[in-house]
Every structure is written in C-alpha cells, then in structure tokens.
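Residue numbers (the working numbering): 199 to 624. Where is the CB? At the ideal position from N, CA and C, for every residue including glycine. Worksheet: the structure to be examined is printed underneath.
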C-alpha cells in the first residue's frame, strides 16, 4: 500500500456488464475479506443486476434487483424501461445496446456508482462509525482487460461525479484489470492443486459482457509476474441472451420484436429471465439430459398478437403462441460465444505453451456446457482445468488483496508503449 496515507479499509468494486458487487477488508484484519450479500430486494446474493430504473424525468427510481423487471402487472402501464448494459458503451463494441430515450451512458454509469457508493457507505458505517471515506478508504475498481486510457479516464470522471472520490487526481481510487484480480485470488486454488513457485497458470474470466484472459507465473516471493499481454473481447452470458432474441425474432418477426422491445420491454425481459432460469443455466450440451421447455408467449406478453403480422402470425396461431427451443437451437445460442472464448484461449497458449493450470472464473464460468467444451478442447495441453470455489467472487476478493498488498504483482507486460522521436540536426 502506498505510503503517507491513512488508509483503514480497502473496498473492491466489480462493476460488471450484467451484475455488480463489492467486497471489503480492514487493514487490521486483512485476512478477513467480506463480500457483501445484503441488498435491497434480495439477500444472500454476492452480486446484484447492473440495472437502473428511471422516471420520466430521468431521476433514479430504483436500482439492482428492484429495478430488474419482475413479472409485470397486466393492468399497469409501464412507461419507462430499465437502463442496462450501459457498461458496453465503454470499449469498442460496434453495436451498442439501446438506452432509455434521453439517457447518456455516462449518466447511467455515474448513477449506478452513486447508488453502489451509498450502499458501501451504509455498510462501512455499520462497522466503523467515524470512518472518513474520502481519506481512509482505498477503492479498487476492476475493469476489463481491453479498456484503454480513454475508458479508464471516463470511469474516473464518473467516480468523482458519483461521490466515490472527491477529486480526479485522488490516489484513493486504483483501477486494475479483472483477470489480474482473479489471478491473485486463484493463488489459493493453485496451492490446492499442489502447484508451487515457478508454476504458470491462465485465468479465463467469463463475465456477462466480456471475456478476459491473463497468464501468470507464481514466484517464490508469493507474488505474481505477468507472462503474456492481457487479452479480452466482448462475449459472455449476455451474448447467449442475444442469440435467444434472434431465435424469438425468427418466430415472431424482426419488426414485432423491435416493437415489443420499445413498448413492452418489461414483459419481454421477464421472458428472457425465465429462459435463463429454465434453459440457459441448466444446459449441459448433452442431448441425453436435455429437457425442452415450453414458453407461452401470450402469458408472458399479453398484447403480443397486436404486434405479430402476416405469415408469422399465421404460424404462431397454429402453434398456439407457444415456443419450445429444441436441443440444437439452444446449442446454437451458446456456440458462437463459446467458440470465441476457445479462440482467445488458443491465442494465449500460442504465446505461452507451458501452462500448468487454467482457472475459469466469473458468472458465465458456472455454465456446465462452457466447462465441458473448454476441458475437451484443452485437456491435452493443460493438465489442470478447474473452476475455483465461488468463481463469481474471485475478482472482488483478489482486488481487495491487491489493495492490501500492492506489491503482490511483481511484473506486468505493457499493453501500450510510448516513445519520442529524436532528430539530429546537421
């Protein structure tokens, strides 16, 4: 930890594309890292949805689980739709997700960090009443590996506006990449597999909207060196949801889906949530264990008949407005995302062939189908392929450990290089 600062508490914030959370530890008991599980509207969950609900004047009505569309009441007209996936406006994703009319993505990021900051202050004050957050708390904000200097600058500006820190130049906010944070936490997993100093291992962080990778070497000093440049791309569980939307579009028509997204977003979101719960999460990629699930579109979207026209309407009426994705259709929703992840792993291994272990972290890493595909693809190249305990908290806990002991990272590979031309005039 940097000198000449009265840092008492380290707080890590994992601001994710689809889910976010925080963890903290006091310097006097740094071995005791707490991952917050107490949220308004839900308890016992490490993460909450990265979602905001605004009123018609773009004032925050709710956030997290409360803002996430639950099954809407049929008699209530929903005039505003939740803001979500706004983190994807950072980075180089070509097709940005839509936001509520008039909402700027920087405002959404700021508002979400503000609400997270309120929850953090409430939590810390319950333990340490006289804590000065601006001077005695070190924030570690984790970011995807592909974020550049511009993205980090925007995040810092939003953190100031959100009242996490009180000035742009504050040293009490540090950014670190998500795979680097996970690599620190996975030191424990490395030891569980009886791998010691000199071992190299890869972190594959599969989140909601991004996939990030890094290869590290565990040094005899109990610190880490980076062997390859961190890499990443857009991918993860959100992109499986997008494939489900494409499937739905083929059933009811692209125009109908666009109108439903614009006018009945909460109903549509409820359908997607049920797809995730009943189909996406249990999917293993094994046809012998697959059980198809039937979705009644009239039940989820009461006014759907007014939006579907022509041959699509005739077809859906014959089907009683039921959709039932079969095994191959669900597999096709996963495969583009998993193929991209496998390609990224191949790229890393081509640079660093002697990899002792591979650890899958992040929410999407809990997908059994993803685990099976990766193990099948790389079992001849990497001896140990494992999912650590509570992979969804790996980034948070690793980031707190970094804040408590910044020299745990011994060496990094530079992502960018800078230089000046020198001319000799004659």
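When the options are compared against residue i, the one with the closest alpha-carbon
i, options, result
"residue 314", "514, 206, 396 and 245", "245"
"residue 534", "564, 213, 367 and 432", "432"
"residue 326", "251, 409 and 225", "225"
"residue 386", "504, 555, 483 and 561", "555"
"residue 485", "456, 466, 523 and 468", "523"
"residue 340", "469, 405 and 478", "405"
"residue 581", "294, 393 and 329", "393"
"residue 457", "506, 539 and 213", "506"
"residue 343", "526, 309, 379 and 329", "379"
"residue 286", "396, 228 and 408", "408"
"residue 459", "297, 219 and 513", "297"
"residue 479", "215, 436, 260 and 575", "436"
"residue 206", "561, 372, 425 and 328", "328"
"residue 577", "544, 528, 563 and 299", "544"
"residue 443", "218, 474 and 403", "474"
"residue 579", "368, 448, 553 and 588", "553"
"residue 218", "299, 255 and 317", "317"
"residue 254", "604, 301, 503 and 366", "301"
"residue 530", "247, 445, 241 and 364", "445"
Own chain residues within Cβ distance below 8 Å of residue i, not counting five before or after
i, result
"residue 381", "399, 401, 412, 414, 422 and 596"
"residue 319", "331"
"residue 520", "492, 493, 494 and 495"
"residue 472", "493 and 498"
"residue 232", "221, 222 and 223"
"residue 251", "258, 259, 260, 261, 264, 265, 278, 280 and 281"
"residue 397", "388, 415, 416, 554 and 555"
"residue 249", "261, 262, 265, 266, 280, 281 and 282"
"residue 488", "481, 482, 525 and 528"
"residue 439", "470, 473, 474 and 478"
"residue 490", "522, 523, 524 and 525"
"residue 538", "409, 431 and 433"
Beta-carbon proximity list for residue i, same chain, < 6 Å, skipping 5 on both sides
i, result
"residue 210", "221, 338, 594, 597 and 598"
"residue 288", "349"
"residue 536", "568 and 571"
"residue 583", "556 and 573"
"residue 575", "540"
"residue 469", "498"
"residue 403", "376, 377, 380, 410, 559 and 560"
First through last residue of the alpha helix (DSSP H) which encompasses residue i
i, result
"residue 438", "435-450"
"residue 629", "No statement about residue 629 is possible, as the shown extent of the chain runs from 199 to 624 and does not include it."
"residue 263", "Segment: none, residue 263 is in no alpha helix (DSSP H) and carries neither H nor E."
"residue 251", "Taken as a continuous stretch (DSSP letters only), residue 251 belongs to no alpha helix (DSSP H), being part of the beta strand (DSSP E) at 249-252."
"residue 470", "463-473"
Proximal residues to residue i (C-beta, below 7 Å), its chain only, five neighbours per side dropped
i, result
"residue 462", "499 and 501"
"residue 239", "262, 263 and 264"
"residue 274", "Unreliable placement is indicated for residue 274, whose pLDDT of 49 sits below 50; the coordinate value is still reported in the next sentence. Counting only Cβ-Cβ distances below 7 Å, and skipping sequence neighbours, we find nothing."
"residue 208", "222, 223, 336, 338, 598, 601 and 602"
"residue 321", "234"
"residue 586", "384, 387, 557, 559 and 592"
"residue 542", "409, 411, 429 and 431"
"residue 362", "311, 315, 337 and 371"
"residue 294", "286 and 287"
"residue 204", "333 and 334"
"residue 368", "none"
"residue 230", "223"
Run of the beta strand (DSSP E) containing residue i, from where it starts to where it stops
i, result
"residue 220", "217-224"
"residue 430", "429-432"
"residue 424", "422-424"
"residue 210", "207-212"
Quick one: which unbroken beta strand (DSSP E) runs of 3-plus residues sit fully inside the stretch 326-409? Chain order, please. 335-341, 371-375 and 398-404
For the stretch 450-461 against the stretch 530-548, are there 3 or more C-beta pairs whose distance is under 8 Å? no
With a cut-off of 8 Å, do at least 3 Cβ pairs link the stretch 346-364 to the stretch 293-312? yes
Could you pull out every unbroken alpha helix (DSSP H) segment of at least 4 residues lying fully inside the stretch 539-595, listed in chain order? 566-576
Complete alpha helix (DSSP H) runs within the stretch 484-530 (minimum length 4 residues, chain order): 495-498 and 508-516
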